[in-house]
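Below is one structure, written out as C-alpha cells, with a few remarks after it.
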Amino acid sequence: MTLRVGFCGLGRMGTEMVTALTRQGFAVTVWNRTAARALAAAELTGAEVADTPALAAENADVVITMLTDGDAVLRTLVDVLAEARPGLVVVDCSTTGAEAARQAADLCAAAGVGFVDCPVSGSTVVAREGKLGLMAGGDAAVIDQARPVLDALGTVVHVGPTGAGAAAKVAVNALLHTFSTALAECLVTARAAGVPPAALFDVLAVGVLWNRFLDYKRPAFTDPDQTAVAFDLSTATKDLGLAARAADDAGLRESVVRRALELHRQALDDGLGDRDMAAMTAWFAAVAEPAGETERN
-18 MTLRVGFCGL
-8 GRMGTEMVTA
2 LTRQGFAVTV
12 WNRTAARALA
22 AAELTGAEVA
32 DTPALAAENA
42 DVVITMLTDG
52 DAVLRTLVDV
62 LAEARPGLVV
72 VDCSTTGAEA
82 ARQAADLCAA
92 AGVGFVDCPV
102 SGSTVVAREG
112 KLGLMAGGDA
122 AVIDQARPVL
132 DALGTVVHVG
142 PTGAGAAAKV
152 AVNALLHTFS
162 TALAECLVTA
172 RAAGVPPAAL
182 FDVLAVGVLW
192 NRFLDYKRPA
202 FTDPDQTAVA
212 FDLSTATKDL
222 GLAARAADDA
232 GLRESVVRRA
242 LELHRQALDD
252 GLGDRDMAAM
262 TAWFAAVAEP
272 AGETERN
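Counting from 1, position 64 in the sequence shown corresponds to residue 45 in the numbering used here; the numbering is continuous, with no gaps.
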C-alpha cells in the first residue's frame, strides 16, 4: 500500500519535496499558511489542497512539516494532532534545533502519534530530484514506518534518538554558512588582487576543496543577477543563531559561527535579507575600505 502524505509548509524546499513525492506516486495533501502557495504547489504537482493542517493530516499516514522555525512547527502540530489518526507518524523536516524537536516529540507522544525529527540537506534542485540527505532522530521502528516516504526524498541516516536529527542539522548548517561566509570573503579578496570569481571557481574545481555545494552554488556566486534565490540570507542568519546557541550549550567560549552570525546580522541590517546567501559576497565588497585606507586610519 502506498502511504498517504500530508505536507505542511510550502516554501522553496517544501514545494520541491512535494514535487518529488508526487512524481513517485504518493498521494499528497498540502497546507500552507499563505493559501496561494498551496494552490500554486497543487497546480504544479497535482497534490490536493487542505484549508487547515488538521485537514492535511486527516487521511494521512505520514505528515511532514517543513516550516520556518520551532515555534511554527509547534503551532502547526497543535492543529495536526487535534484529530490525529491512530498510527500517524509526524516527520519534521524543519531546521529547529534539538530542544524544539523534543518539545514536538512530547506533543506527539501525548496524542499517541509517532515523531521523527528529520531535517534535510541539499538544494532546491536536489530536493526536486529526490536526492536530499535526511538526518533522522527518533525510534528506529517509527522511522521505518515513514521510510518509504523518506526514501522518496533522498538518503536517510539515522543519527540517534529524538533531537539528534535536529542537532545534526544545526551542525551541518553551521559548517555550510561559515564555509559560505569564508568563500564570499575570499572571492572579494581574490578579485581585489586581480582574480575574477569565475577563475577562482575554476581553481577550486581542480583542487581538494571542490564539493557539491560549490558545484550547484557556483552560479549564485559568479552570476548572482541571473540566478534565482535558493536560500536567502535571512534564513541563513536564523540557522547561524541556532548554531551559536548550540555552541553556548556545548560550553564553547570562542566560536567561528558567532562571528559569521555577526556578519550576517550586519548584512541583514543593510537590507540583504531577501537575497541569496551568496550575497555575502556583495556585502563584503560594499563594506571594504579603499586600498590604503586602513594604513591612513
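For every residue, glycine included, the Cβ atom is placed at its ideal position computed from N, Cα and C.
- DSSP places GLU166 in the helix class (H, G or I) of the three-state scheme.
- A straight line joining the alpha-carbon of TRP191 with that of ASP32 spans about 44 Å.
- In the three-state DSSP reduction, ARG66 falls in the coil class, being neither helix nor strand.
- In this structure, DSSP gives GLY(-5) a helical state, which the three-state scheme calls helix.
- Under the DSSP assignment, MET116 falls outside any alpha helix (DSSP H), being part of the beta strand (DSSP E) whose first and last residues are 113 to 118.
- Residues THR218 of the same chain have their beta carbon placed closer than 7 Å to that of ARG246, with the five preceding and five following residues left out of the count.
- Under the DSSP assignment, ALA37 falls in the alpha helix (DSSP H) whose first and last residues are 34 to 38.
- In the three-state reduction of the DSSP assignment, ALA92 falls in the coil class.
- With a cut-off of 8 Å on Cβ pairs, the stretch 124 to 139 is not in contact with the stretch 204 to 217, counting fewer than three such pairs.
- As DSSP reads the structure, HIS139 sits in a beta bridge with ALA117.
- Counting along the chain, the unbroken beta strand (DSSP E) around TRP12 starts and ends at 8 to 12.
- According to the DSSP assignment, PHE(-12) belongs to the beta strand (DSSP E) that extends over -15 to -11.
- Cα atoms of LEU(-9) and LEU185: separation of roughly 34 Å, rounded to the nearest angstrom.
- Within the DSSP secondary-structure output, ASP183 pairs in no beta bridge.
- Contact between ASP213 and ASP255 holds, since their C-beta atoms are separated by about 6 Å, short of 8 Å.
- Beta-bridge analysis with DSSP links VAL59 to no other residue.
- With respect to VAL54, THR77 sits close: the two C-beta atoms are nearer than 7 Å.
- A direct Cα-to-Cα measurement between THR49 and THR57 gives close to 11 Å.
- Judged by beta-carbon spacing, VAL(-14) lies beyond the 7 Å limit of VAL11, meaning their Cβ atoms are not closer than that value.
- In terms of Cα proximity to SER104, the closest of MET258, PRO271, ALA269 and GLU270 is MET258.
- Of the other Cβ atoms in all chains shown, 16 or more fall within 10 Å of the Cβ of GLU(-3); this residue is therefore buried.
- Residue nearest to ALA65 within the set PHE96, LYS112 and VAL238 is PHE96 (criterion: CA-CA distance).
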